[in-house]
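Letter 38 of the sequence shown, counting from 1, is numbered 892 in my numbering, and no numbers are missing.
The C-beta atom is built at its ideal place from N, Cα and C for all residues, glycine as well.
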Amino acid sequence: MHATGHTEMDKRLLVVDDEIEFGEIIERIATKLGFDVCKTTRPSEFRKMYDQFDPTHIFMDVIMPEMDGVELVQWLSQRGCKAKVVIMSGSSASYINSTRAIAADTDLNIVATLAKPCKVAAIRSVLSD
Numbered sequence: 855m856h857a858t859g860h861t862e863m864d865k866r867l868l869v870v871d872d873e874i875e876f877g878e879i880i881e882r883i884a885t886k887l888g889f890d891v892c893k894t895t896r897p898s899e900f901r902k903m904y905d906q907f908d909p910t911h912i913f914m915d916v917i918m919p920e921m922d923g924v925e926l927v928q929w930l931s932q933r934g935c936k937a938k939v940v941i942m943s944g945s946s947a948s949y950i951n952s953t954r955a956i957a958a959d960t961d962l963n964i965v966a967t968l969a970k971p972c973k974v975a976a977i978r979s980v981l982s983d
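This is the structure in structure tokens:
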């Protein structure tokens, strides 16, 4: 058990995406794979949930109100985040690529990038690794 009360086998996914429907799709897939899921549409709420939930996996949209993906990557890095991070965007691939490039200069564990809309199989694959 960790100090948070979680065991090594726990799978906790934290999703931040301003598209409610997409967050719900990810939640349904992850729940079927045995994850506990918390989701939000607001980066400010994500930051509050992060410490309480102690995620093992994070799905984050790049373009959101309040804070963009680059700012969130920097915030996660400052927090010493060890979760597996998936960067997503429904906009140009350049947003995903630039966020991933910035994340490469941090110690974050970026395991995948997904262009929205993406196939259920792609989400399932990322969560199964």
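Cross-strand partners of residue i (DSSP beta bridge)
i, result
"SER898", "DSSP, once it has assigned bridges, lists no residue as partnering SER898."
"PHE913", "VAL869, VAL940"
Proximity winner among the options, relative to residue i (alpha-carbon distances)
i, options, result
"MET914", "ALA884, SER952, ASP872", "ASP872"
"SER943", "GLY934, LEU867, ILE880, ILE917", "ILE917"
"THR895", "LYS936, SER931, PRO909, PHE876", "PHE876"
"PRO971", "ILE880, HIS911, ASP905", "ILE880"
"VAL940", "ARG901, THR967, PHE900, LYS865", "THR967"
"TYR949", "GLY923, GLN928, ALA958", "GLY923"
"GLU920", "ARG978, SER898, ASN963, ALA975", "SER898"
"ASP905", "ARG866, ARG978, ALA958, ALA947", "ARG866"
Range covered by the alpha helix (DSSP H) that runs through residue i
i, result
"LYS886", "874 to 886"
"GLU920", "Unbroken run through GLU920: none, as it is neither H nor E."
"LEU981", "974 to 982"
"THR953", "947 to 958"
DSSP-derived helix/strand/coil call for residue i
i, result
"THR967", "strand"
"ASP890", "strand"
"LEU930", "helix"
"ASP905", "helix"
"HIS856", "With a pLDDT of 39 at HIS856, under the threshold of 50, the modelled position of this residue cannot be trusted; read the value that follows with caution. Three-state DSSP puts HIS856 in coil, outside helix and strand."
Integer-rounded CB distance, given that residue j should sit under 8 Å from residue i
i, j, result
"ARG937", "THR960", "Position check: residue 937 holds Ala in this sequence, whereas Arg was assumed. Their Cβ separation, rounded to whole angstroms, is 13 Å, which puts ALA937 and THR960 out of contact at 8 Å."
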